[in-house]
Amino acid sequence: MANTIVNSIEDFNNSRQKLFKLKWFVVSLGIITSLFIIATIVLAILFGIERNKTKPDPLFIVNNTDGICSSSYCIKAANTFLESIDETVDPCENFYQFTCGTWIKNTRIPEDSSDRNRFETLQTEVTYDVIDILSASSSTNDTISVINARKLYASCIDEETIEKNDVNEILSLIDREFGGWPILQESIWNESTFDLIHLSVKLSQYKSFPLFYVLTDTDEKNSSMNCIYMGQGSLGLFDRSYYINESEITRSYRQFIKGIAMAFTNNTSINDTDVDEIFEFEKAIAE
2 MANTIVNSIE DFNNSRQKLF KLKWFVVSLG IITSLFIIAT IVLAILFGIE RNKTKPDPLF
62 IVNNTDGICS SSYCIKAANT FLESIDETVD PCENFYQFTC GTWIKNTRIP EDSSDRNRFE
122 TLQTEVTYDV IDILSASSST NDTISVINAR KLYASCIDEE TIEKNDVNEI LSLIDREFGG
182 WPILQESIWN ESTFDLIHLS VKLSQYKSFP LFYVLTDTDE KNSSMNCIYM GQGSLGLFDR
242 SYYINESEIT RSYRQFIKGI AMAFTNNTSI NDTDVDEIFE FEKAIAE
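Using our numbering, you'd call the opening residue of the sequence shown number 2 and step up by one each time.
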């Protein structure tokens, strides 16, 4: 059974990897945009310092002789930009190679990724910083939010307890919070007690928005106020175009759903009709 699930996941992932090839053009634009953003930040810093010499920012150290920022922040930003460009190339002949040449040469795409850009590099650095914070021991000076975050992180990496509990914890959560899953409880499922609104509220508490999402964020027209935003929820295949025609992707996705249900129950006789209904429901939402 485990092999079936693994194979299904691999088939699904292989299918999606083919689609990722379409992202190369976007990735190239992303790299160029990233470098321009860095250059803009450096220029903005220098320009801001020039305009505000009478009110120096404590984060910046300006050499009064030539007006150049020499703080660690400015030096790091400038160094990041310089490490990306290829000074051996004439920018008038090949501006892309001039701005990105050294970065492309020195950057390696990980085996588990289809691309790499400056934003991902910075995100990785931030992720490592967050892991260091979550891995540290809590003290009496820490806020309750930080303490709870560390507890959650510790529970996620406690593989021994996870293996010991198997799927029982998840099944208990599904029954307690969401009223069960019909595909696993066909014989005892009571449709009359099902409440879609209640289920949607419960799912939103776990940051899952299958039908629609509701969130509060800064008003785009007035940054001093907040605004309630609503929008379409996420799809299992992310994009509606994947649902239009039957393909290797949709077949792998169906098998993936069935594999998850089988893993929860150790039951190899999961009804394909239930899986098809799940897919058709998603397809109707996508349309």
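Note that the Cβ used here is the ideal one computed from N, Cα and C, for glycine as well.
Asked: Quick check on residue 260: buried or exposed, where buried means 16 or more other Cβ atoms within 10 Å of its Cβ?; Found: buried
Asked: Look at the Cβ atom of residue 168, then the Cβ atom of residue 265, and state whether they are nearer than 9 angstroms.; Found: yes
Asked: Could you tell me the alpha carbon to alpha carbon distance between residue 77 and residue 104, rounded to whole angstroms?; Found: 16 angstroms
Asked: Roughly how many whole angstroms lie between the Cα atoms of residue 118 and residue 87?; Found: 17 angstroms
Asked: Consult DSSP for residue 277 and reduce its assignment to one of helix, strand or coil.; Found: helix
Asked: Say whether the segment 275 to 285 touches the segment 231 to 251, bearing in mind that this needs 3 or more beta-carbon pairs closer than 8 angstroms, one atom from each stretch.; Found: yes
Asked: Under the three-state reduction of DSSP, which class applies to residue 194: helix, strand or coil?; Found: helix
Asked: Just mark residue 23 as buried or exposed, buried being the case when its beta carbon has 16 or more other beta carbons within 10 Å.; Found: Below a pLDDT of 50, predicted positions are generally treated as unreliable, and residue 23, at 43, falls in that range; the measurement from the model is reported next regardless. By the 10 Å Cβ count, residue 23 comes out exposed.
Asked: For residue 203 and residue 178, which I take to be in contact (beta-carbon distance under 8 angstroms), what is that distance rounded to the nearest angstrom?; Found: 5 angstroms
Asked: Take the Cβ of residue 233 as the centre, count every other Cβ of all protein chains shown within 10 Å, and call the residue buried at 16 or more, exposed below.; Found: exposed
Asked: Is it buried or exposed for residue 120, if we count other Cβ within 10 angstroms and need 16 for buried?; Found: exposed
Asked: Taking the Cβ atom as the reference point for each residue, do residue 147 and residue 158 lie within a distance shorter than 9 angstroms?; Found: no
Asked: When we look at the beta-carbon of residue 226 and count the other beta-carbons within 10 Å, is it buried (16 or more) or exposed?; Found: exposed
Asked: Under 8 angstroms by Cβ, that's how I've got residue 263 and residue 250 pegged, so tell me the actual separation to the nearest angstrom.; Found: Not confirmed; about 20 angstroms, so no contact.
Asked: DSSP state of residue 90, grouped into three classes?; Found: coil
Asked: How is residue 200 classed by DSSP in three states: helix, strand or coil?; Found: helix
Asked: Between 173, 236, 223, 229, which lies nearest to residue 212 when the distance is taken from Cα to Cα?; Found: 236
Asked: Helix, strand or coil, according to DSSP, for residue 219 in the structure here?; Found: strand
Asked: How long is the line joining the alpha carbons of residue 70 and residue 85, rounded to whole angstroms?; Found: 20 angstroms
Asked: If distances are taken between C-alpha atoms only, which option among 75, 170, 184 comes closest to residue 274?; Found: 184
Asked: Considering only C-alpha positions, which residue in the set 174, 137, 218, 245 is nearest to residue 288?; Found: 245
Asked: Identify the residues that DSSP records as bridge partners of residue 95: which are they?; Found: In the DSSP output, where bridge partners are listed per residue, residue 95 has none listed.
Asked: Fully enclosed by the segment 232 to 268, which alpha helix (DSSP H) runs are 4 residues long or longer?; Found: 242 to 245, 249 to 266
Asked: Just verifying my parser: in three-state terms, what is the DSSP assignment at residue 171?; Found: helix
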